[in-house]
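Chemist: Numbering (this note's numbering), first residue to last: 986 to 1398.
Questions regarding the structure given below will be posed in turn.
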Amino acid sequence: MAVDTPATIAIVGAGPIGIEAALYARFLGYSVLLFDKGGAAEHVRRWGHVQLFTPFSMNSSPLGIAALSAQDDDFQPPPPDAQLTGAQWATEYLLPLAHSDLVGDSLREHCEVLSITRPDFLKGECIGDEARGEDEFRVLYVDGDGREHVELVDVVIDASGVFSNPNNCGPGGGLALGERALAERIRRDLPDVLGADRSTYEGRRTLVIGNGYSAATTVAALAELKHQCPAMQIHWVTRGSSQTPLERIPADRLPARDALAERVNRIVDGAEPMAQWLPECELEQILEVDGALEVRLTNGQTIVVDEIVANVGYHVDGQITRELQVQTCYATEGPLQLAASLLASDGSDCLDQQAHGVETLCHPEPNFYVLGAKSYGRNSQFLFQVGLQQIKELFALIGDRAALDLYATAPTP
Ligand SMILES: Cc1cc2nc3c(=O)[nH]c(=O)nc-3n(C[C@H](O)[C@H](O)[C@H](O)COP(=O)(O)OP(=O)(O)OC[C@H]3O[C@@H](n4cnc5c(N)ncnc54)[C@H](O)[C@@H]3O)c2cc1C
986 MAVDTPATIA IVGAGPIGIE AALYARFLGY SVLLFDKGGA AEHVRRWGHV QLFTPFSMNS
1046 SPLGIAALSA QDDDFQPPPP DAQLTGAQWA TEYLLPLAHS DLVGDSLREH CEVLSITRPD
1106 FLKGECIGDE ARGEDEFRVL YVDGDGREHV ELVDVVIDAS GVFSNPNNCG PGGGLALGER
1166 ALAERIRRDL PDVLGADRST YEGRRTLVIG NGYSAATTVA ALAELKHQCP AMQIHWVTRG
1226 SSQTPLERIP ADRLPARDAL AERVNRIVDG AEPMAQWLPE CELEQILEVD GALEVRLTNG
1286 QTIVVDEIVA NVGYHVDGQI TRELQVQTCY ATEGPLQLAA SLLASDGSDC LDQQAHGVET
1346 LCHPEPNFYV LGAKSYGRNS QFLFQVGLQQ IKELFALIGD RAALDLYATA PTP
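Structure (C-alpha cells):
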C-alpha cells in the first residue's frame, strides 16, 4: 500500500537491516522511529568474535557508505574483500551508521517494543480489508528505565531477527527431560571460546549440539583450545545421517565457509579425533550429578560433561504482532508467501538466495512488513545482501515508484 511523506515508519530492531531500512527511509523523507531492546547491532555484537563468511562488499550498502563518507571526510570503509568479525562489522560500519546524522535522531536504544496493534480493529475484524490501513498502528514500548510509552505510526517494519529465540535441545525440537530445570547450564549462543569465555571451557568436557555453521564454529574453537590443553573432551551431537558433520558445498564461492566445513570435518576424523562425533541422535535427558551434567542420548548412550552448548537454530517470536493480521508459514514461521517461495527454490547455498519479490513481503495487514533475518523464520539462510534487496523493493512499493533504487543512484565516495 503506497504511503506518501510525511509519514512515520516504526522499525523494530536496530540490527543491520533495521539500520539500513531506517537510512533508506530517512533519505526518502519519512520520519522514522528505530527501536532496539539493546544497543544498535545488539545481536551482531553478541557474536562479535565470529568472522563473517561474506566479504565487506556484501555486508554494506552503497547508501550506507555514501552517508558515512558525506558525514566524515576521513571515513575509510574497510576494503571490499575484508573478512570482518561481527565486532568489526559493528564498530566500523553498523554503529557509525546507526549514530549518523540521518539515522541517529530516530534511534531509540534500550527500548523494547512489546505490542503493535490497530487501536480501532481487533485481529478478527475487517479481515484482509484495506480499511484497516486507514487506522494508525499503536506501538507500545518500554524504555531502559522501565517506563512504558506509546507511539502512533503509519507503517511498521519488523526487523527484530530471531537470535533472541533459540530452539530447544530435545527430540523433534521439544524439550529434553531436565532441560528446563538446567536451562542456566546450557549456553545457546556462540561462546567466545578462545577469548572472553576461555576459562569456562579450558580443560573441561563440553558437549556441542547442532549440525549448522554455528555449531561448527563452536567445535572448531574448542578443538583449537584443545591443542593447548589436550585433557579437554569435546563431544558433538548432530541429528542428521550424513557422512560428515557438516556437508561441504561443492565449489563453495565463500572460501571462509568452506575452510570451516573442511576443518571441522577433519576434527572428528581419524584414529584419534579431536572431538567425538555422535551422529543421528538427540538429547533425551539431562541430569545434574555432583555438579557435572549427565546427558542421555536417544541412541541409548550416556555422556558426562561440564558444559553444554546448543547451537540448534532459532524460531520466530510473533508475540509483539499477535493482534495483527500476519500470515506466517506453519513450517518456518516466516511470512507465508516468502516461505513458500523459499521452499520452492533450491536452498542448498544461501548465496543463491535472492529477494523473492515485494509481494512476498506483504501480509493481509496493510503497511506491515517483516524484513531481515526474521523474514526467513527458521530458515537460517538469510544474508544481509538479501535484506538490502528487500529494502529496495519495499520502498519502491511504499513510495509507489517501481523504478526507485537508491542503491543504484547513491553517490560513489
Ligand atoms: C554467527 C552468525 C554469523 C553470520 N554470518 C553472516 C555472514 O557472514 N553474512 C551475512 O550476510 N549474514 C550472516 N549472518 C546472518 C546475520 O544474522 C544477518 O545477516 C544479520 O545480522 C541480520 O540482520 P537483522 O537486522 O535482520 O537481524 P538481527 O541482527 O538479528 O537484529 C535484530 C535486532 O532487533 C532487536 N530486537 C529484537 N526484538 C526486539 C524488540 N521487541 N524491540 C526492539 N528491538 C528488538 C535485537 O536487539 C537486534 O538488535 C550470521 C548470523 C550469525 C548468527
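Heads up, the beta-carbon is just placed ideally off N, CA and C, and yes, glycines get one too.
From which residue to which residue does the alpha helix (DSSP H) around Thr-1203 run?
Modeler: By one-based count along the sequence shown, residue 1203 stands at place 218. Per DSSP, Thr-1203 belongs to the alpha helix (DSSP H) from 1198-1213.
Chemist: Evaluate contact between the segment 1313-1320 and the segment 1099-1117, counting only Cβ atoms and requiring at least three cross-stretch pairs below 8 Å.
Modeler: No: fewer than three Cβ pairs fall under 8 Å.
Chemist: How long is the line joining the alpha carbons of Gln-1366 and Asn-1152, rounded to whole angstroms?
Modeler: In the sequence shown, the residue the question calls residue 1366 occupies position 381. In the sequence shown, the residue the question calls residue 1152 occupies position 167. Taking the straight line from one Cα to the other gives about 16 Å.
Chemist: Assuming Gln-945 is part of the alpha helix (DSSP H), what are its boundary residues?
Modeler: The structure shown does not extend to residue 945, since the chain spans only 986 to 1398, so no value can be given for it.
Chemist: At which residues does the beta strand (DSSP E) containing Glu-1279 begin and terminate?
Modeler: Stepping through the sequence shown from its first residue, residue 1279 is reached at position 294. Counting along the chain, the beta strand (DSSP E) containing Glu-1279 begins and ends at 1277-1282.
Chemist: For the segment 1215-1227 against the segment 1255-1266, are there 3 or more C-beta pairs whose distance is under 8 Å?
Modeler: Yes, they touch.
Chemist: Are the segment 1143-1151 and the segment 1024-1043 touching by the rule of at least three beta carbon pairs closer than 8 Å?
Modeler: Touching, per the Cβ criterion.
Chemist: Secondary structure at Asp-1291, three-state DSSP: helix, strand or coil?
Modeler: What you label residue 1291 is simply residue 306 of the sequence shown in a count that begins at 1. Note: Asp-1291 maps to coil in three-state DSSP.
Chemist: Of all the options Val-988, Ala-999, Ala-1010, which has the alpha carbon lying nearest to the alpha carbon of Asp-1390?
Modeler: Counting from one through the sequence shown, the residue named residue 1390 turns up at place 405. For the residues Val-988, Ala-999, Ala-1010, the minimum Cα distance to Asp-1390 belongs to Ala-1010.
Chemist: What are the residues that DSSP puts in a beta bridge with Leu-1019?
Modeler: The residue labelled residue 1019 in the question sits at position 34 within the sequence shown. The partner list for Leu-1019 (beta bridge, DSSP) reads Ile-996, Leu-1092.
Chemist: Rounded to whole angstroms, what is the Cα-Cα separation between Thr-1394 and Lys-1377?
Modeler: Walking along the sequence shown from the start, residue 1394 turns up at place 409. Walking along the sequence shown from the start, residue 1377 turns up at place 392. In a straight line, the C-alpha of Thr-1394 is about 12 Å away from that of Lys-1377.
Chemist: Closest to Glu-1232 by CA distance: which of Ala-1201, Lys-1211, Pro-1215 is it?
Modeler: Position 247 of the sequence shown, counted from the first residue, corresponds to residue 1232. Out of Ala-1201, Lys-1211, Pro-1215, Ala-1201 has the C-alpha closest to the C-alpha of Glu-1232.
Chemist: Give me the Cα-Cα distance between Arg-1224 and Arg-1307, rounded to the nearest whole angstrom.
Modeler: The residue labelled residue 1224 in the question sits at position 239 within the sequence shown. The residue labelled residue 1307 in the question sits at position 322 within the sequence shown. Approximately 32 Å between the Cα atoms of the pair.
Chemist: Are Gly-1118 and Asn-1352 closer than 8 Å when you measure CB to CB?
Modeler: Looking up residue 1118 in the sequence shown gives position 133. Looking up residue 1352 in the sequence shown gives position 367. Yes, the pair counts as a contact, with Cβ atoms nearer than the cut-off.
Chemist: Any heavy atom of ligand 1 inside 7 Å of the beta-carbon of Ala-1166?
Modeler: Here residue 1166 refers to the residue found at position 181 when the sequence shown is read from its first residue. Flag unset: Cβ of Ala-1166 not near ligand 1.
Chemist: Check whether the Cβ of Met-1217 lies closer than 7 Å to any heavy atom of ligand 1, and answer yes or no.
Modeler: The residue you call residue 1217 lines up with position 232 of the sequence shown. Because no heavy atom of ligand 1 lies under 7 Å away, the Cβ of Met-1217 does not count as near it: no.
Chemist: For Thr-1246, which residues from the same chain have a beta carbon less than 6 Å from its beta carbon, with the 5 sequence-adjacent residues on both sides left out?
Modeler: One-based indexing of the sequence shown puts residue 1246 at position 261. According to the sequence shown, residue 1246 is Ala rather than Thr. Leu-1231, Arg-1233, listed in sequence order.
Chemist: Over what stretch of residues does the alpha helix (DSSP H) that includes Asp-1182 continue unbroken?
Modeler: Working through the sequence shown from its first residue, we reach residue 1182 at position 197. Where Asp-1182 is concerned, there is no enclosing alpha helix (DSSP H), given that its DSSP letter is neither H nor E.
Chemist: What is the DSSP secondary structure of Ile-1234, reduced to helix, strand or coil?
Modeler: What you label residue 1234 is simply residue 249 of the sequence shown in a count that begins at 1. Here Ile-1234 sits in coil by DSSP.
Chemist: When you compare the CB positions of Glu-1267 and Gly-1155, do they come within less than 8 Å of one another, or not?
Modeler: Counting from 1 along the sequence shown, the entry for residue 1267 is found at position 282. Counting from 1 along the sequence shown, the entry for residue 1155 is found at position 170. Yes, Cβ-Cβ distance for Glu-1267 and Gly-1155 is below 8 Å.
Chemist: Should His-1034 be labelled buried (16 or more other beta-carbon atoms within 10 Å of its own) or exposed?
Modeler: On the sequence shown, residue 1034 is found 49 positions in, with the first residue counted as 1. Label assigned to His-1034: buried.
Chemist: Could you tell me which residues DSSP puts in a beta bridge with Val-1127?
Modeler: Position 142 of the sequence shown holds residue 1127. Looking at the DSSP assignment, Val-1127 forms a beta bridge with Glu-1097, Glu-1133.
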